[in-house]
Amino acid sequence: MTLQDLRPGESGRILEFEPNAVTDRLMEMGMLPGSVVQVVRLAPLGDPMDLKVRGYHLSIRKAEAAQIRISKCEA
Amino acid sequence: MSPPDPISIALVGNPNVGKTTLFNRLTGLNQRIANFPGVTVERKSGTLTGAPHVEVIDLPGTYSLTPKSLDERIAYEVLVGRRDKAPDLAVCVVDAGNLERNLYVASQVMDIGVPVIVALNMIDAAEENGLVIDASVLEAELGVPVIPLVATRGEGVDQLKKQILDPPEPAQGYRWSLMDAVSAKVPELSRQLTAEVDEVQPGHIQMEVLRALAEDNALDVWRGSAPEFVRRTEELRKEFAERGVAWRHAEVSGRYAWIGPITNKAVRRERESTTVSDRIDALLTHSIFGPLFFLVILIGVFQAVFSWATPAMDLIETGISAFAGTVQSVFPPGWATDLLADGVITGVGNVVVFLPQILLLFFFLGLMEDTGYMARSAFIMDRIMKRVGLSGGSVLPLLSSYACAIPGIMAARTLDNERDRLITIMVAPLMSCSARLPVYTLFIAAFIPAGTLMGVFGTQGLAMFSMYMMGTVMAFGAAAVLKRFVFTKGPESYFVMELPPYRRPRARQLLLRMIQRSKVFAVRAGKIILACSIVLWFLASYPAVDTDSLRMQIEMQAAEQREAGYAEAETLLPAPDMALPALDDSLDVGDPVMAQIQAMMQQAEYNYTAAMDSAQLVQQSAQIRGSAIGYMGRILEPVMQPLGFDWKISAGLVSAFAAREVIISTLGIIYSVADAEEGVALRDALKADRYPDGRPVFTPLVAVSLLVFFVFALQCMSTLAIARRETNTWRWPLVMWLYMTILAYIASLLVYQGGQLLGLS
Numbered sequence: 005m006t007l008q009d010l011r012p013g014e015s016g017r018i019l020e021f022e023p024n025a026v027t028d029r030l031m032e033m034g035m036l037p038g039s040v041v042q043v044v045r046l047a048p049l050g051d052p053m054d055l056k057v058r059g060y061h062l063s064i065r066k067a068e069a070a071q072i073r074i075s076k077c078e079a
Numbered sequence: 002m003s004p005p006d007p008i009s010i011a012l013v014g015n016p017n018v019g020k021t022t023l024f025n026r027l028t029g030l031n032q033r034i035a036n037f038p039g040v041t042v043e044r045k046s047g048t049l050t051g052a053p054h055v056e057v058i059d060l061p062g063t064y065s066l067t068p069k070s071l072d073e074r075i076a077y078e079v080l081v082g083r084r085d086k087a088p089d090l091a092v093c094v095v096d097a098g099n100l101e102r103n104l105y106v107a108s109q110v111m112d113i114g115v116p117v118i119v120a121l122n123m124i125d126a127a128e129e130n131g132l133v134i135d136a137s138v139l140e141a142e143l144g145v146p147v148i149p150l151v152a153t154r155g156e157g158v159d160q161l162k163k164q165i166l167d168p169p170e171p172a173q174g175y176r177w178s179l180m181d182a183v184s185a186k187v188p189e190l191s192r193q194l195t196a197e198v199d200e201v202q203p204g205h206i207q208m209e210v211l212r213a214l215a216e217d218n219a220l221d222v223w224r225g226s227a228p229e230f231v232r233r234t235e236e237l238r239k240e241f242a243e244r245g246v247a248w249r250h251a252e253v254s255g256r257y258a259w260i261g262p263i264t265n266k267a268v269r270r271e272r273e274s275t276t277v278s279d280r281i282d283a284l285l286t287h288s289i290f291g292p293l294f295f296l297v298i299l300i301g302v303f304q305a306v307f308s309w310a311t312p313a314m315d316l317i318e319t320g321i322s323a324f325a326g327t328v329q330s331v332f333p334p335g336w337a338t339d340l341l342a343d344g345v346i347t348g349v350g351n352v353v354v355f356l357p358q359i360l361l362l363f364f365f366l367g368l369m370e371d372t373g374y375m376a377r378s379a380f381i382m383d384r385i386m387k388r389v390g391l392s393g394g395s396v397l398p399l400l401s402s403y404a405c406a407i408p409g410i411m412a413a414r415t416l417d418n419e420r421d422r423l424i425t426i427m428v429a430p431l432m433s434c435s436a437r438l439p440v441y442t443l444f445i446a447a448f449i450p451a452g453t454l455m456g457v458f459g460t461q462g463l464a465m466f467s468m469y470m471m472g473t474v475m476a477f478g479a480a481a482v483l484k485r486f487v488f489t490k491g492p493e494s495y496f497v498m499e500l501p502p503y504r505r506p507r508a509r510q511l512l513l514r515m516i517q518r519s520k521v522f523a524v525r526a527g528k529i530i531l532a533c534s535i536v537l538w539f540l541a542s543y544p545a546v547d548t549d550s551l552r553m554q555i556e557m558q559a560a561e562q563r564e565a566g567y568a569e570a571e572t573l574l575p576a577p578d579m580a581l582p583a584l585d586d587s588l589d590v591g592d593p594v595m596a597q598i599q600a601m602m603q604q605a606e607y608n609y610t611a612a613m614d615s616a617q618l619v620q621q622s623a624q625i626r627g628s629a630i631g632y633m634g635r636i637l638e639p640v641m642q643p644l645g646f647d648w649k650i651s652a653g654l655v656s657a658f659a660a661r662e663v664i665i666s667t668l669g670i671i672y673s674v675a676d677a678e679e680g681v682a683l684r685d686a687l688k689a690d691r692y693p694d695g696r697p698v699f700t701p702l703v704a705v706s707l708l709v710f711f712v713f714a715l716q717c718m719s720t721l722a723i724a725r726r727e728t729n730t731w732r733w734p735l736v737m738w739l740y741m742t743i744l745a746y747i748a749s750l751l752v753y754q755g756g757q758l759l760g761l762s
């Protein structure tokens, strides 16, 4: 599954990325394979997402989230 | 004692970590803002207070030194000395509440080999959120001095200054380890690069190699000078990919693997808490309350910008015309005085008048930035902006443009996608700015009949609303078209935005930045505006029309008419040899014949005074009719006639290039109307004007056509000036002017010709 499939409140561990400039940027901002990411909420119109990663909030679009394969963490 | 050698220090760090606040604390008001040569990135520098030999450079906020954005490229180039002399010291500003990600760029800076100090900012906020940070552990682990501080309150700034004046040894780089498979290839690539180019300092070779390996932009730099190195790097990338080596994030992973344990050691989480910021976010980005709040904020800001600025704008307007008047009366009459008063002072005044609005808008933009709400507004609006190919980041620049395109264009700087930034700049002037408002008001009041539609909506209000809608819809349309056909290169619009914690804004910071930004506008745009004003003055004043003979003619006519009036009154006298009575203010003479005579005499006097008063207006009117602008109006007339515009409107449009609202005063002069700004007299004059064949010059259809023209046309040299500054080329302002003018022409043509076909007038 990808990060896009997580619902607000759920977390996932990153497995791998589609290689491109945007995911390069996400990695520099601390989203690395192995990192745990929590979906905090969605924007009022359903996109983008508000993520919590390494203790801070990062917002990305679902289209970008779809490029990140994860395994869901059980609560 | 000789003065100490000048040294320079660079402030580097992520966005939203209080870097600029610290910069202001370190330099006070000794600041200079310029652009780095050849690019639009701002170079902010200043001298350390109390130590004038120390130059502090505030680098743009970056998450990394790998060149994905222009800001990152510039920050890197400054740090390695490719822009100016390399700085003697780098101060890495990091957010204590978000240490791990912040240390990423710090680890890159440490690899450069300059002395490094870590400024651990915002420890107060971190503590509030239950984080305890042991600065001495951090210092020992990183091997560089770490100074905890709260820049907003000035705490710890003195210690930082002391440390700056007593700099440490250069930081020891490469404490992190690269995965073996990649690491094994670095020496080979380093040798290759060194063999092909000699401009890279030995200490920076490894960094260049890693950057080139990981990032296409960085690799492209060497395509010309080191082709073999590029070929070999590309080969290695392929080789790695085949072997399953994650070369793309080799460096990133290595750095985080080093940073992670360090932060774990230095940071202790005392309690797990939902922060205040999280609670605010639950409300402000709530699916119903969030957009509602955004709307309220918007309406509030616009209300404030329009209504609070009005008294100041009125004051400035009065002041400028009084100043111009004083200049006219104090200096000897002549063209130089006229140029100064009517060209320079009035021209610059046309722009200064908008300064209160610009200041207020910058204030509110700064407030939104400092509190962290700016990022939330982008978060809420991104979905809508995505439809036209932009991102949420363009919302505020575009909305600001409703007040004035200038702060809007400047606010586009916050966009880190260059393609999005350019498109935003290009469409911002389509949003109806406040300078169009007086023009809309005049023509709507004059030609759109008051009334209601369906019993609810006032037609005039509706017309006004459609002006704003037309501009907005066109801005979005133009963005989509520009994206599809003009700005086709560059990365797709993406949205990766940090949502920083909400923070209490600081008045000092807010005001300082508001003034700095407004100053940039006033100074940079001011020069171009001044030049254009002078040119326009010459166009309106030359060739000089001999208006003196005209004046004499009017005066003679007035005198003759007065004579005639008296002569007529004389015929009413009961006895032919009787003399006319003395002019009396009252008509209360008793005898009805004498009262009538008195009334006719008074009328003659009144007409005479009025004619003499109008002489000056007629003189001005004759001048502009005969001037280059009038001439241009007549040349343009055949082109503009299909839109329903005669030469007078065309001349008004030429003059409106200085600033849109100038068309009102130009038409005022052409129609010899005093106090054109008051509107009523000009409105009547416009309605009364006829072509030689008796058709009215202004019909409601012409007015609508003109209104539409104003919605789309870029008649504002300040906007062009600021677009030139922000894009660093005349190309985009020129394209902007062309496409908007063509758009305006076609739209007006459709309105006027279509309206005529439908039998409207």
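In order, the protein sequences belong to chains Z and A. So the number in the working numbering is just where the residue sits in the first sequence, counting from 1, plus 4. So the number in the working numbering is just where the residue sits in the second sequence, counting from 1, plus 1. In this text, a Cβ means the ideal position worked out from N, Cα and C, and glycines have one as well.
Check your understanding: So, is the C-beta of Ser63 of chain Z closer than 7 angstroms to a C-beta in chain A?
Key -> Here residue 63 of chain Z refers to the residue found at position 59 of the first sequence. Closer than 7 angstroms: yes.
Check your understanding: Beta-carbon of Asp51 of chain Z versus every beta-carbon of chain A: anything under 7 angstroms?
Key -> Your numbering for residue 51 of chain Z matches position 47 in the first sequence. Answer yes: the Cβ-Cβ gap between Asp51 of chain Z and chain A drops below 7 angstroms somewhere.
**Study point:** Close-in-space but distant-in-sequence residues of the same chain around Ala305 of chain A (CB under 8 angstroms, 5 per side omitted)
**Key:** Counted from its first residue, the second sequence places residue 305 of chain A at position 304. Only Leu361, Phe365 meet the Cβ criterion.
**Study point:** Beta carbon proximity, Tyr257 of chain A to chain Z, threshold 7 angstroms
**Key:** Mapped onto the second sequence, residue 257 of chain A falls at position 256. Closer than 7 angstroms to some Cβ of chain Z, the Cβ of Tyr257 of chain A qualifies, so yes.
Exercise for review: Could you pull out every residue in the same chain whose Cβ sits closer than 8 angstroms to the Cβ of Ser75 of chain Z, ignoring the five residues on either side in sequence?
Suggested key: Locating residue 75 of chain Z in the first sequence gives position 71, counting from the first residue. So the list reads Met5, Gly16, Arg17, Leu19, once near-sequence residues are dropped.
Review point. Would Tyr64 of chain A pass as a contact of Asn15 of chain A if the rule is Cβ separation under 7 angstroms?
Key: Start at 1 with the first residue of the second sequence, and residue 64 of chain A comes out as number 63. Start at 1 with the first residue of the second sequence, and residue 15 of chain A comes out as number 14. In this structure, Asn15 of chain A lies closer than 7 angstroms to Tyr64 of chain A by Cβ.
Point to revise | Cα-Cα separation between Gly245 of chain A and Lys239 of chain A, rounded to whole angstroms | key: The residue labelled residue 245 of chain A in the question sits at position 244 within the second sequence. The residue labelled residue 239 of chain A in the question sits at position 238 within the second sequence. So the alpha carbons of these two residues sit roughly 10 angstroms apart.
Check your understanding: From Leu62 of chain Z to Asp59 of chain A, what distance separates their C-alpha atoms?
Key -> The residue labelled residue 62 of chain Z in the question sits at position 58 within the first sequence. The residue labelled residue 59 of chain A in the question sits at position 58 within the second sequence. Rounded to whole angstroms, Leu62 of chain Z to Asp59 of chain A spans 25 angstroms at the Cα level.
Exercise for review: Say whether chain A places a C-beta atom closer than 7 angstroms to the C-beta of Met35 of chain Z.
Suggested key: Counted from its first residue, the first sequence places residue 35 of chain Z at position 31. Met35 of chain Z does not count as touching chain A.
**Study point:** Terminal residues of the alpha helix (DSSP H) in which Ile321 of chain A lies
**Key:** Position 320 of the second sequence, counted from the first residue, corresponds to residue 321 of chain A. 290 to 331 is the span of the alpha helix (DSSP H), which, as asked, contains Ile321 of chain A.
Exercise for review: Have a look at Leu49 of chain A and Asn122 of chain A and give me their C-alpha separation to the nearest angstrom.
Suggested key: One-based indexing of the second sequence puts residue 49 of chain A at position 48. One-based indexing of the second sequence puts residue 122 of chain A at position 121. For Leu49 of chain A and Asn122 of chain A, the distance between alpha carbons rounds to 18 angstroms.
Check your understanding: Tell me which same chain residues have a C-beta within less than 6 angstroms of the C-beta of Lys649 of chain A, skipping the five on either side of it?
Key -> For the purposes of this step, residue 649 of chain A is taken as the residue at position 648 of the second sequence. Same-chain partners within the cutoff: Ile671.
Review point. Is there at least one Cβ from chain Z nearer than 7 angstroms to Asp647 of chain A's Cβ?
Key: As a working note, residue 647 of chain A is residue 646 in the second sequence. So no, Asp647 of chain A is outside the interface.
Practice item. On a CA-only basis, which of A:Gln603, A:Arg726, A:Phe710 is nearest Val524 of chain A? Give me that one, please. Key: Start at 1 with the first residue of the second sequence, and residue 524 of chain A comes out as number 523. Selected option, being the one with the closest Cα: A:Arg726.
Check your understanding: So, helix, strand or coil for His54 of chain A, using DSSP?
Key -> By one-based count along the second sequence, residue 54 of chain A stands at place 53. His54 of chain A: strand per DSSP, three-state reduction.
Review point. Who pairs with Gln620 of chain A in a beta bridge, going by DSSP?
Key: Here residue 620 of chain A corresponds to residue number 619 of the second sequence, with the count starting at 1. Looking at the DSSP assignment, Gln620 of chain A forms no beta bridge with any residue, so it has no partner.
Point to revise | Same chain, Cβ closer than 8 angstroms to Asn608 of chain A, five either side skipped, listed in chain order | key: For the purposes of this step, residue 608 of chain A is identified with residue 607 of the second sequence, where counting begins at 1. If we look at Asn608 of chain A and ignore the five residues flanking it on each side, its Cβ neighbours are Ala559, Gln562, Arg563, Gly566.
**Study point:** Minimum Cβ-Cβ distance from Lys32 of chain Z to chain A less than 7 angstroms
**Key:** For this step, residue 32 of chain Z is matched to residue 28 along the first sequence. The sequence given here has Glu at residue 32 of chain Z, not Lys. For Glu32 of chain Z, the answer is yes, since a Cβ of chain A falls inside 7 angstroms of its Cβ.
Check your understanding: Could you give the residue range of the beta strand (DSSP E) that holds Gln32 of chain A?
Key -> Along the second sequence, one-based indexing puts residue 32 of chain A at 31. Gln32 of chain A -> beta strand (DSSP E) spans 32 to 36.
Point to revise | Backbone secondary structure at Asn265 of chain A - three-state DSSP | key: Walking along the second sequence from the start, residue 265 of chain A turns up at place 264. Note: Asn265 of chain A maps to helix in three-state DSSP.
Exercise for review: Mind listing the chain A neighbours of Glu14 of chain Z? Cutoff is C-beta to C-beta under 7 angstroms, in chain order.
Suggested key: On the first sequence, residue 14 of chain Z is found 10 positions in, with the first residue counted as 1. Result: empty, since nearest Cβ-Cβ is about 17 angstroms, beyond 7 angstroms.
**Study point:** Spatially closest choice to Thr67 of chain A from A:Pro168, A:Ile165, A:Met208, A:Lys86, by CA coordinates
**Key:** Residue mapping note: residue 67 of chain A aligns to position 66 of the second sequence, counting from 1. The shortest C-alpha separation from Thr67 of chain A is found at A:Met208.
Review point. Around the Cβ of Ala242 of chain A, are there at least 16 other Cβ atoms within 10 angstroms (buried) or fewer (exposed)?
Key: Taking the second sequence and counting its residues from 1, the one referred to as residue 242 of chain A is at position 241. So Ala242 of chain A ends up on the exposed side.
Practice item. Run the CB neighbour count on Pro577 of chain A, radius 10 Å, all protein chains shown included, and call it buried at 16 or more, exposed below. Key: Within the second sequence, numbered from 1, the residue matching residue 577 of chain A stands at position 576. So Pro577 of chain A ends up on the exposed side.
**Study point:** Cβ-based burial, Arg270 of chain A [other Cβ within 10 Å; buried from 16]
**Key:** By 1-based counting over the second sequence, the position of residue 270 of chain A is 269. Label assigned to Arg270 of chain A: exposed.
**Study point:** 7 angstroms CB neighbourhood of Ile359 of chain A in its chain, flanking five on each side removed
**Key:** Within the second sequence, numbered from 1, the residue matching residue 359 of chain A stands at position 358. So the list reads Cys405, Ile407, Pro408, Ser519, Phe522, once near-sequence residues are dropped.
Practice item. Select from A:Ser622, A:Met369, A:Arg684, A:Gly255 the residue whose C-alpha is nearest the C-alpha of Arg505 of chain A. Key: In the second sequence, the residue the question calls residue 505 of chain A occupies position 504. Per the Cα distances, A:Met369.
Exercise for review: Assign Met741 of chain A to buried or exposed, taking buried as 16 or more other Cβ atoms, counted over all protein chains shown, within 10 Å of its Cβ.
Suggested key: As a working mapping, residue 741 of chain A is identified with position 740 in the second sequence. Met741 of chain A comes out buried.
**Study point:** Beta-bridge partners of Ile64 of chain Z, as assigned by DSSP
**Key:** As a first step, residue 64 of chain Z must be located in the first sequence, where it is residue number 60. Looking at the DSSP assignment, Ile64 of chain Z forms a beta bridge with Z:Met53, A:Val497.
Check your understanding: For Lys484 of chain A, which three-state DSSP category applies?
Key -> Mapped onto the second sequence, residue 484 of chain A falls at position 483. Helix at Lys484 of chain A.
Check your understanding: Do we get a CB-CB distance below 7 angstroms when we pair Gly291 of chain A with the residues of chain B?
Key -> No chain B appears in the structure shown, which is made up of the protein chains Z and A.
Point to revise | Separation of Ile64 of chain Z from Val253 of chain A, as counted between CA atoms | key: Reading the second sequence from its first residue, position 252 is the one you call residue 253 of chain A. Reading the first sequence from its first residue, position 60 is the one you call residue 64 of chain Z. Straight-line Cα distance between these residues: approximately 19 angstroms.
Review point. Between which two residues does the beta strand (DSSP E) harbouring Asp372 of chain A extend?
Key: On the second sequence, residue 372 of chain A is found 371 positions in, with the first residue counted as 1. In the sequence as presented, Asp is not what sits at residue 372 of chain A; that position holds Thr. Note, Thr372 of chain A: premise wrong, no beta strand (DSSP E); alpha helix (DSSP H) at 356 to 372.
Exercise for review: For the alpha helix (DSSP H) containing Pro439 of chain A, list its first residue and its last residue.
Suggested key: Position 438 of the second sequence holds residue 439 of chain A. That run of the alpha helix (DSSP H) goes 437 to 448.
**Study point:** Check whether Ala323 of chain A and Gly390 of chain A have beta carbons under 7 angstroms apart
**Key:** Working through the second sequence from its first residue, we reach residue 323 of chain A at position 322. Working through the second sequence from its first residue, we reach residue 390 of chain A at position 389. No, Cβ-Cβ distance for Ala323 of chain A and Gly390 of chain A is not below 7 angstroms.
Check your understanding: Can Pro430 of chain A and Thr728 of chain A be called in contact, C-beta distance under 7 angstroms?
Key -> Position 429 of the second sequence, counted from the first residue, corresponds to residue 430 of chain A. Position 727 of the second sequence, counted from the first residue, corresponds to residue 728 of chain A. No; because the gap between Cβ atoms is not below 7 angstroms, this pair is not in contact.
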